[in-house]
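Numbering (my numbering), first residue to last: 6 to 450. These notes concern the structure reproduced below.
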Amino acid sequence: PKATERKQTTATATNQKYIIMACGCSAIFILDAKGKILISRDYRGDVSLGCAERFISRIMEKEELDVKPISEEDGVTYIYIKANNVYLLAVTNRNANAAMILMFLYKAVNVFQEYFKEIEEESIRDNFVIIYELLDEMMDFGYPQITESKILQEYITQESYKLDVEVRPPPAITNAVSWRSENIKHKKNEVYLDVMESVNLLVNTNGNVLRSEIVGSVKVNSKLSGMPHLRLGLNDRVQFESYGRNAGSNKAIEMEDVSFHQCVQLSNFEHDRTISFIPPDGEFELMTYRLNTQIKPLIWIEAVIDRHQHSRIEFMVKARSQFKQRSTANNVTISIPVPADVDSPKFKASIGKVQYAPDKNIMIWKIKQFPGGRDFIMRAHFGLPSIQDEETPEDRPPISVKFEIPYFTVSGIQVRYLKIVERSNYQALPWVRYITTSGDYQVRV
6 PKATERKQTT ATATNQKYII MACGCSAIFI LDAKGKILIS RDYRGDVSLG
56 CAERFISRIM EKEELDVKPI SEEDGVTYIY IKANNVYLLA VTNRNANAAM
106 ILMFLYKAVN VFQEYFKEIE EESIRDNFVI IYELLDEMMD FGYPQITESK
156 ILQEYITQES YKLDVEVRPP PAITNAVSWR SENIKHKKNE VYLDVMESVN
206 LLVNTNGNVL RSEIVGSVKV NSKLSGMPHL RLGLNDRVQF ESYGRNAGSN
256 KAIEMEDVSF HQCVQLSNFE HDRTISFIPP DGEFELMTYR LNTQIKPLIW
306 IEAVIDRHQH SRIEFMVKAR SQFKQRSTAN NVTISIPVPA DVDSPKFKAS
356 IGKVQYAPDK NIMIWKIKQF PGGRDFIMRA HFGLPSIQDE ETPEDRPPIS
406 VKFEIPYFTV SGIQVRYLKI VERSNYQALP WVRYITTSGD YQVRV
């Protein structure tokens, strides 16, 4: 009986696997802004082509913002994105993996842009032959296949019809490593890592931080020959604790929402938190992460606003850098909102330049280089000809700040090592650069 139970269980699991694998995309449509079909590729033949017309009629009936990217009607699921004035629509009548199909559409847009730069109605019409070729290679029977543009460009070219010889697909598309071709050669073997962090911050009128978040990414530019294996180690708190080290003394960080490029071997990361991968050739984004933690504002802004008998308004804005003196913020831009009807601007700043942008109702204070541990003051005077009620802090738009700090990360993330192994044992040079930029960085006044 136990053997019978095992057979039944195996059969049930096989059926479940079949059900899961059977859920793919039925057809792909590319439509213009008026809903006319520019390109259609039917992969399964189980959905009527008229569903594209029903989709566009819904877009026309409702506001575009009211139409969800994933919707269902009469047993057909509609998944779409918009690129400029063109819609990319995928339809299926099965319980498909909607996230997979949606990601495929975005990947398709990236591939098209690699081939003909801008995605417009005109470029779709001019390149319809190449688009059909790409759709045939990128998806088979509704399942995504090859979506790496560098691999596709090796055997699908816009001039391929001129070639007398047969164009053979590269071995990479049948290898386990589908994102990298074989026999790649570089005169100088180097790999560049850019650790980039963006700071999202919101400070209220009392100076309290309401929201703080770090969004980071590790971007790689690989110029390595052959088929190299790379191992990247970060100061990851989980990794330190798994090795019995004191995470606090090593300034470890705890990353959240980590997402990797498909080249990363996830089993190794789950086992010992090392990032092992065979890189694509050229530039790509290796990973993204997020830290939802309390951050000390890197550039602190204080603003005092004085109104004088409805005749003029004066601003005193103080900016203070709260990072170490050895670091410098570049291209700092502080945008301060002003009333809509001011005139006769006058500015005085201890550093940088100030200009009034009446079309945006803001004044912009630009500082080319802002050293750490310093503070600067800017004063502004405007005429206020009309008589109107004073703004309350709730009605006043926030001050926004833009900046870039090289050789610095606010989270403290560090690349501990980057090992490069290739069977020819060549010497490779790894280069690492750290950059922190402002994201949604706002201060209410």
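For every residue, glycine included, the Cβ atom is placed at its ideal position computed from N, Cα and C.
- Taking 8 Å as the cut-off, the beta carbon of Glu319 is found no closer than this to the beta carbon of His266.
- Taken atom to atom, the span from the alpha-carbon of Leu54 to that of Ser332 is near 59 Å.
- Scanning Leu389, Arg63 and Cys30 for the CA closest to the CA of Lys39 turns up Arg63.
- Straight-line measurement puts the Cα of Pro302 at about 41 Å from the Cα of Val426.
- In this structure, Gly388 lies away from Arg312, with their beta-carbon atoms at least 8 Å apart.
- Annotation for Lys155: the continuous alpha helix (DSSP H) segment containing it runs Ser154 to Leu157.
- In the three-state reduction of the DSSP assignment, Gln360 falls in the strand class.
- Taking Ile372 as the centre and dropping the five residues before and after it, the same chain places the C-beta of Val337, Ile356 and Gly357 closer than 6 Å to its C-beta, in chain order.
- About 7 Å separates the Cβ atoms of Ile440 and Glu409, confirming a contact at the 8 Å cut-off.
- Excluding its 5 nearest sequence neighbours in each direction, Ser128 has C-beta neighbours in its own chain below 7 Å: Phe121, listed in chain order.
- With respect to the C-alpha of Leu36, the residue from Gly238, Phe146, Ala57 and Arg216 having the closest C-alpha is Ala57.
- Bridge pairing for Glu218: Asn205 [DSSP].
- Scanning Trp184, Val220 and Pro233 for the CA closest to the CA of Val196 turns up Pro233.
- Excluding residues up to 5 positions away in sequence, Ile33, Phe34, Ile35, Leu36, Ala57, Phe60, Tyr83, Ile84 and Tyr85 lie with their Cβ nearer than 8 Å to the Cβ of Leu94 in the same chain.
- The beta carbons of Ile404 and Ala308 sit about 6 Å from each other, so the pair counts as a contact at 8 Å.
- When the beta-carbon positions are compared, Leu296 and Ile219 come within less than 8 Å of each other.
- When DSSP reads this structure, Lys193 sits in no beta bridge, so it has no partner.
- Residues of the same chain with a CB within less than 6 Å of the CB of Arg438, apart from the 5 flanking positions on each side, are Asp199 in chain order.
- Note on Ser443: 16 or more other CB atoms within 10 angstroms of its CB, so buried under the neighbour-count rule.
- Taking every protein chain shown into account, the CB of Arg449 has 16 or more other CB atoms within 10 angstroms, so this residue is buried.
- If you look at Phe109, you'll find it in the alpha helix (DSSP H) that goes Ala103 to Phe121.
- The continuous beta strand (DSSP E) containing Asp311 extends over residues Ile304 to His313.
- Where Phe274 is concerned, the enclosing alpha helix (DSSP H) starts and stops at Leu271 to Asp277.
- Annotation: Tyr160 is outside any beta strand (DSSP E) and is labelled neither H nor E by DSSP.
- When C-alpha distances from Trp305 are compared across Asn100, Asn226, Asn209 and Val263, the shortest belongs to Asn209.
- Here the alpha carbon of Ala113 sits roughly 32 Å from the alpha carbon of Leu239.
- Under DSSP, Pro74 takes part in no beta bridge, so it has no partner.
- For Leu140, the uninterrupted alpha helix (DSSP H) segment begins and ends at Phe133 to Met143.
- As the crow flies, the alpha-carbon of Gly29 is around 20 Å from that of Val116.
- In the displayed model, Ile151 falls within coil according to three-state DSSP, outside both helix and strand.
- DSSP links Val415 through a beta bridge to no other residue.
- Only exposed fits Glu78, as fewer than 16 other CB atoms lie within 10 angstroms of its CB.
- For Phe282, the closest alpha carbon among the candidates Ile75, Arg130, Asp51 and Val225 is that of Val225.
- Apart from the 5 residues on each side of it in sequence, Asp348 sits with its Cβ closer than 6 Å to the Cβ of Gly388 in its chain, given in chain order.
- Out of Met143, Gln447, Asn205 and Gly147, the CA that lies nearest to the CA of Gln158 is found in Met143.
- Between Val72 and Ile135, the alpha-carbon positions lie close to 30 Å from each other.
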